[in-house]
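A quick write-up on the structure given underneath.
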Amino acid sequence: MKFDKKILCIGAGYVGGPTMAMIAYKCPQYRVTVVDINPIRIAEWNSDDLPIYEPGLGEIVKATKGKNLFFSTDIEGGIRDNDIIFVSVNTPTKTFGAGAGMAADLQYWEKTARQILQYSQSSKIVIEKSTLPVKTALAMEKILNYTKSSVSFDVLSNPEFMAEGSAIKDLENPDRILIGCRETESGLAARETLMEIYANWVPRQKIITSNIWSSELSKIVSNAFLAQRISSINAISALCEKTDADINEVSKAVGMDSRIGSKYLSASVGFGGSCFKKDILNLVYLCQQYGLHEVADYWESVVKINQYQQERFILNMLTTMFNTLAGKRICLFGFAFKANTGDTRESPAIYITRRLLEEKAEIVITDPKALKNAKADLAGMEGKVSFVEDPYKAVEGCHAIAVLTEWDVYRNLDFQKIFNTMTKPASIFDGRNIIDHKRCLDIGFNVYPTGKPALTHS
Ligand code: NAD
Ligand code: UGA
């Protein structure tokens, strides 16, 4: 079959897989190939057991795979045969050298740029899908256009705004698609080609354009603003606990101001995920590089409050459980960084588990989708941590439950049945405010919500 466009995506991760599946699904007239250096990941995409859990993903992959969506390890062939190349490789925080712990590690990104140059036999549109520091496209352009051959490259910025757990919904009905380009004839033509792809299902008025640097920066700033709201409400949750105010009531009252809005105002044990912390630290580093130290400090405080919130949660457990957790069994309800995903990257549960182990507690972890990743995250701690799929079995003999992920399944458990099998006094620390606190108090639990007065029997 002859396809209208041939699209490649380098990087078959949480972004590359779902975004390309959506393009293939919405555009049967295009051929979409996703390549990755990780053969296991590609094998999983090619199997029925996809490498990531995302509601609705299985259905659209099933509808397209082998028809106009293909997963492969042939990066060279992919680059050679496709004219439109999305790059969605990982851009983690640098762990070494200058900027360690803050700057983005661009080694995967640069390696990809060099591969594109090496294997291209015709001109390409190269699209930054990964989240990158502002001005990265300049480096990409310099690498790609260094040899001044007849093969030319247009670099576009097209950041991805989907959230895990709702990726398919977000991709199908995005708030906006942002495309940044150079204001040259070929840059504008490349932008039009990319707009055509999205226009297959996204209304044109939602496809916005900007210069390439604004586009790169807008992505990081969007994440910084979202995380800032969470840190703001979490900071206030600490004050609520001291003053008998209720964070849900405050959040509702504040969020009903249409200028403020109600989203991202749920107090929690802290935000996790692979991006918020990484992107804010990247922003902080950029500001420092430009000598904007006050701006850097302002944004860094968002990450500091997030750390404080997790530490506060641990200290609350410690002090309310008679200042010792040694030998006590604590059951974690949820290990994923949020509900509806198996992803555990930067999940507060990782830090909390480590800290509880330092206090010599025994940990039992239950989660509907994240146990595989949890085991990998906690490798080397076997023996001190156990993993149990069924929450009712997981809590048996435990002194406390810590609710760390807002999975729906935890909202409506039979807490009387749970209470009966636990060691007394039994406590619940609700890091997500999802369970019925009053009912659990009535059953006999001591209940410690986030940002609300504790409900206890003593
Ligand atoms: P990921 O780690 O799940 O996937 C990245 C993939 O790229 C991996 O499978 C890796 O093997 C592959 N890769 C690395 N170098 C490669 C190379 N040279 N050639 C081929 N493949 C290579 O990461 P992710 O969560 O998909 O994130 C990718 C980018 O998208 C990051 O910049 C992230 O900040 C951004 N982003 C992520 C999300 C999200 O929800 N996870 C949302 C928006 C933006
Ligand atoms: C986030 C952004 O929402 C996406 O727009 C962005 O594309 C993505 O990062 C990215 O760049 O990777 P994601 O991290 O997948 O998406 O999930 P979110 O729903 O934003 O949640 C992030 C964390 O904040 C989770 O731990 C969640 O539980 C927490 N959160 C969220 C709260 O604690 N309170 C809230 O009110 C909302």
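If you're matching positions, the sequence shown starts at 622 in my numbering and goes up one per residue.
Glycine is no exception: its CB is placed at the ideal position from the N, C-alpha and C atoms.
Being a predicted model, the structure only gives us computed values, none of them experimental.
- Bridge pairing for Lys-686: Leu-690 [DSSP].
- A check of alpha carbon separations from Ala-820 across Lys-949, Ile-706 and Glu-793 identifies Glu-793 as the nearest.
- Rounded to whole angstroms, the Cβ separation of Glu-932 and Gly-1072 is 16 Å, and the two are not in contact under 8 Å.
- Counting only residues of its own chain and dropping the five nearest sequence neighbours on each side, Val-1006 has a CB closer than 7 Å to the CB of Thr-974, Ile-984, Ile-986 and Leu-999.
- DSSP places Thr-987 in no alpha helix (DSSP H) but in the uninterrupted beta strand (DSSP E) bounded by 983-987.
- Judged by the Cβ position, Ile-631 qualifies as a neighbour of the ligand NAD at the 6 Å threshold, a heavy atom of the ligand being closer than this.
- For Tyr-885, the shortest separation between its Cβ and any heavy atom of the ligand UGA lies below 6 Å.
- By the CB criterion at 7 Å, Arg-950 and Cys-1019 fall inside the cutoff.
- Membership of Lys-959 in any alpha helix (DSSP H) is not indicated, and neither H nor E is assigned to it by DSSP.
- Counting the other Cβ atoms within 10 Å of the Cβ of Tyr-635 gives 16 or more, which makes it buried.
- Contact holds between the stretch 954-969 and the stretch 666-684, because three or more Cβ pairs, one in each stretch, are under 8 Å apart.
- Within the stretch 727-810, the complete beta strand (DSSP E) segments of 3 residues or longer fall at 745-749, 774-778 and 798-802, listed in chain order.
- Leu-777 is positioned such that its CB atom lies no closer than 7 Å to that of Leu-727.
- Nearest to Val-656 by C-alpha distance, out of Asp-791, Val-682 and Thr-694, is Thr-694.
- DSSP places Val-1006 in the uninterrupted beta strand (DSSP E) bounded by 1006-1008.
- At a cut-off of 6 Å, the beta-carbon of Gly-893 counts as near the ligand UGA: some heavy atom of the ligand is closer than that.
- Cβ neighbours of Ser-709 within its own chain (closer than 8 Å, five residues either side excluded): Cys-630, Ile-631, Gly-632, Gly-634, Val-636, Gly-637, Thr-640, Lys-750, Ser-751 and Glu-781.
- Under the DSSP assignment, Ser-831 falls in the beta strand (DSSP E) whose first and last residues are 828-832.
- According to DSSP, Asp-1051 shares a beta bridge with Val-1024.
- Annotated as distal: Asn-711 and Pro-649, with beta-carbon spacing of 7 Å or more.
- Remark: the C-beta of Ala-997 is outside contact range of the ligand UGA, defined as less than 6 Å to any heavy atom.
- Remark: the C-beta of Asp-657 is in contact range of the ligand NAD, defined as less than 6 Å to any heavy atom.
- Contact between the stretch 912-922 and the stretch 866-873 is absent, with fewer than three C-beta pairs closer than 8 Å.
- Closest option to Phe-1036, judged by alpha-carbon separation, among Asn-659, Pro-1046, Gly-1065 and Lys-763: Gly-1065.
- Sequence-distant Cβ neighbours of Tyr-906 in its own chain, meaning closer than 6 Å and more than five residues away, are Gly-720, Met-723 and Ala-724.
- When distances are taken from the beta-carbon of Ala-811 to the heavy atoms of the ligand UGA, even the shortest one reaches 6 Å or more.
- Excluding residues up to 5 positions away in sequence, Lys-627 lie with their Cβ nearer than 7 Å to the Cβ of Asp-702 in the same chain.
- Within the chosen limit of 6 Å, the ligand NAD reaches the beta carbon of Ser-751 through at least one heavy atom.
- For the pair of segments examined, the stretch 798-812 was found to touch the stretch 825-838: the number of CB pairs separated by less than 8 Å reaches three.
- For Lys-1045, the distance from the CB to the nearest heavy atom of the ligand UGA is not below 6 Å.
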